[in-house]
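Protein chains in written order, with this note's numbering: chain Z, 13 to 297; chain D, 1128 to 1445.
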């Protein structure tokens, strides 16, 4: 195993931990598809930023993407709070609307430019070891380590600081309200973290992997445990397993790394599902 | 809570310390790795560039192409094997002008770290490049290989780089380049003569995406693409309607599909033409962004260009 391969493996482990942390709360709040929604809706932000800068390489495009990610989250909240549509429908409504705005802008004003989310944002984990942070002549390793690392720290900080609030408002919003926790604020905070995590991770490892890691390991853990702390722990472990096994499968078959990891995540879920159906009691540590 | 924070900090310190050690050792080995006596490891992107390097380098270099036949360079998915190819690369050749999407950024970044990476389109003088329709800065049509004379400039450019980088094999590269340039000149003549056999009013090339602009200018075809330069943009209803009207008006006998682009848009266009009581044939498959299978004649650049012009003239001749 050479350096590049080892770095991909480390990156996969960091990404797994990051995505499963906020993914756990998404799954519990029935918003598992939020990351997928963000991966589409950001096209609108990218398109608008491109019209403004006329330059595919401008960092403004990524800022535009982040703003649209937060906007998606906020709009879904507003729509859901009317109680006229459910959360999943709100997600479906908002992201298709933003995505289609992005497509219309591109087909109207940037028809002949290679402009799409791929061109601006979607990273590829296979290339991550080759984008390095160099200061002077010293090589500080892949940039992705620093991006994912800081997002991981953000996630750990947010979840450990607001653990109680998150837990209560996830399972019993009414109680949370009675206790003086504003579920809305906690929710916006969480969604903000999700949005930043999603976009940062899209840029470094690609969207398929992020969506898979945010949803599948937490869902698998949800089958196996029934305590929040255990669920976070189990989904983290499953995320790491997904990354390590997925990488070796990709190496064995010479296929796309993120595709292979996402498939392994699905496979692990299938195994857990069968175990559950056959009837094994949930794990209690 | 105190213990938790403490253990977290300890874990963090251990992790960063081992990472620092790893960086330290890899920095040392990086500086020590001088060019070895082994063959030059060349990594290429599109099948056209891979073919060129194989012709020029023969046995003197190992060529590792990232993209296989039939792959749309814009939506290329890297595999695990590509990681190994890239990490062992001594030199990288790619097309540039946004053909490879975001991968080009990667190569530009690598070149800043003194890994020799070259966009072969840098060989072409900017004045010869066609702009993308939007005329935004830096947006040029990347499909230069479809004009054989432009590709000849690329051959010269790539040869110069190889000669400079690996002077011990300079003789091999120059000899192969000279022979190949002669072959390309003959090819260019061939395409010109065959193209002239098509009656002038039929010299219209309609394909799935706008890849053939350089070809059109070099060999006197009017070129109309259903989609824009990017293979990812969708053809609008108006695009299909306008093209269908154009085909009926000018009685164009055939339209073409491309091996690396989906066929459904061209089929929709054919149906739109039929609904206007005119019949347009699908003239066959053209190789635009990718060459044919390695074992077939179309698996080389010369074979691909011949296949394209033969298919076009056969379908457009009445």
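Note that the Cβ used here is the ideal one computed from N, Cα and C, for glycine as well.
Asked                                                                                                                                                                            : Found
Would you say residue 1210 of chain D reaches chain Z, if we count a Cβ-Cβ gap shorter than 7 Å as a contact?                                                                    : yes
Just checking: is the beta-carbon of residue 111 of chain Z within a distance shorter than 7 Å of some beta-carbon in chain D?                                                   : no
Measuring CA to CA, which of D:1328, D:1141, D:1414 is closest to residue 1342 of chain D?                                                                                       : D:1414
According to DSSP, simplified to helix, strand and coil, what is residue 1312 of chain D?                                                                                        : helix
Mind reading off the beta-carbon distance from residue 280 of chain Z to residue 253 of chain Z? Whole number of angstroms is fine, and I expect it under 8 Å.                   : 7 Å
Closest to residue 1382 of chain D by C-alpha separation, out of D:1312, D:1336, D:1198, would be which residue?                                                                 : D:1336
List, from N- to C-terminal side, the beta strand (DSSP E) runs of 3 residues or more that fit wholly inside the region 1142-1200 of chain D.                                    : 1167-1171, 1188-1192
Mind checking residue 259 of chain Z: buried by the 16 CB within 10 Å criterion, or exposed?                                                                                     : buried
When you compare each of Z:179, Z:136, Z:207, Z:160 to residue 195 of chain Z by their alpha carbons, which one comes out closest?                                               : Z:179
Below 7 Å between beta carbons is the criterion; list the residues of the region 150-167 of chain Z that meet it against any residue of chain D, in chain order.                 : 150, 151, 152, 153
Can you give me the C-alpha to C-alpha distance between residue 24 of chain Z and residue 1407 of chain D, rounded to a whole angstrom?                                          : 51 Å
Tell me the DSSP bridge mates of residue 1332 of chain D?                                                                                                                        : D:1350
Return helix, strand or coil for residue 1216 of chain D, following the three-state DSSP convention.                                                                             : coil
Answer yes or no: does any C-beta atom of chain Z fall closer than 7 Å to that of residue 1214 of chain D?                                                                       : yes
Quick one: is residue 1436 of chain D near chain Z, going by C-beta distance under 7 Å?                                                                                          : no
What is the DSSP secondary structure of residue 1391 of chain D, reduced to helix, strand or coil?                                                                               : helix
Can you tell which of D:1255, D:1320, D:1367, D:1184 has the C-alpha that lies nearest to the C-alpha of residue 1401 of chain D?                                                : D:1367
Who are the near neighbours of residue 1159 of chain D in its chain, counting only those whose CB is closer than 8 Å to its CB and skipping five residues on each side?          : For residue 1159 of chain D, the predicted structure reports a pLDDT of 41, less than 50, and the residue's modelled location is therefore unreliable. The matter cannot be settled from this model.
I want to know whether the region 44-55 of chain Z touches the region 240-252 of chain Z - three or more CB-CB distances under 8 Å.                                              : no
Let me confirm a value: residue 62 of chain Z is counted as buried when at least 16 other C-beta atoms fall within 10 Å, else exposed. Which label applies?                      : buried
Between residue 76 of chain Z and residue 88 of chain Z, how many whole angstroms is the CB-CB distance? I'm expecting something under 8 Å.                                      : That pair is no contact at about 19 Å.
How would you list, in chain order, the residues of chain Z whose beta-carbon sits under 8 Å from the beta-carbon of residue 1233 of chain D?                                    : 139, 142, 143
Please name the residue, chosen from Z:182, Z:118, Z:55, that lies closest to residue 107 of chain Z on a Cα-to-Cα basis.                                                        : Z:55
Which chain Z residues sit within Cβ distance under 9 Å of residue 1153 of chain D?                                                                                              : 15, 151, 153
Whole-angstrom Cβ separation of residue 193 of chain Z and residue 114 of chain Z, contact assumed at under 8 Å?                                                                 : Not quite, the Cβ-Cβ distance comes to about 36 Å (not below 8 Å), so this is no contact.
Leaving out the 5 sequence neighbours to the left and right, which residues in its chain are closer than 8 Å to residue 1132 of chain D when beta-carbon positions are compared? : none
Could you say which of Z:138, Z:38, Z:73, Z:65 lies nearest to residue 85 of chain Z if we only look at CA atoms?                                                                : Z:38
Between residue 1204 of chain D and chain Z, is the shortest Cβ-Cβ distance under 7 Å, so that the two count as touching?                                                        : yes
I'd like to know if residue 1385 of chain D contacts chain Z, where contact means its C-beta is closer than 7 Å to some C-beta of that chain.                                    : no
With respect to the alpha helix (DSSP H) encompassing residue 174 of chain Z, which residues constitute its N-terminal and C-terminal limits?                                    : Premise fails: residue 174 of chain Z is in no alpha helix (DSSP H) and is neither H nor E.
Where does residue 1162 of chain D land, buried or exposed, given buried means 16+ other C-beta within 10 angstroms?                                                             : Unreliable positioning characterises residue 1162 of chain D in this predicted model, as indicated by a pLDDT of 48, which lies under 50. The coordinate reading is nonetheless provided below. Exposed.
So which residues on chain Z does residue 1240 of chain D lean against when the C-beta distance must stay under 7 Å?                                                             : 144, 146
With 7 Å as the threshold, decide whether the Cβ of residue 274 of chain Z is near any Cβ in chain D.                                                                            : no
Using the Cβ count rule (16 or more neighbours within 10 Å means buried), how would you classify residue 1370 of chain D?                                                        : buried
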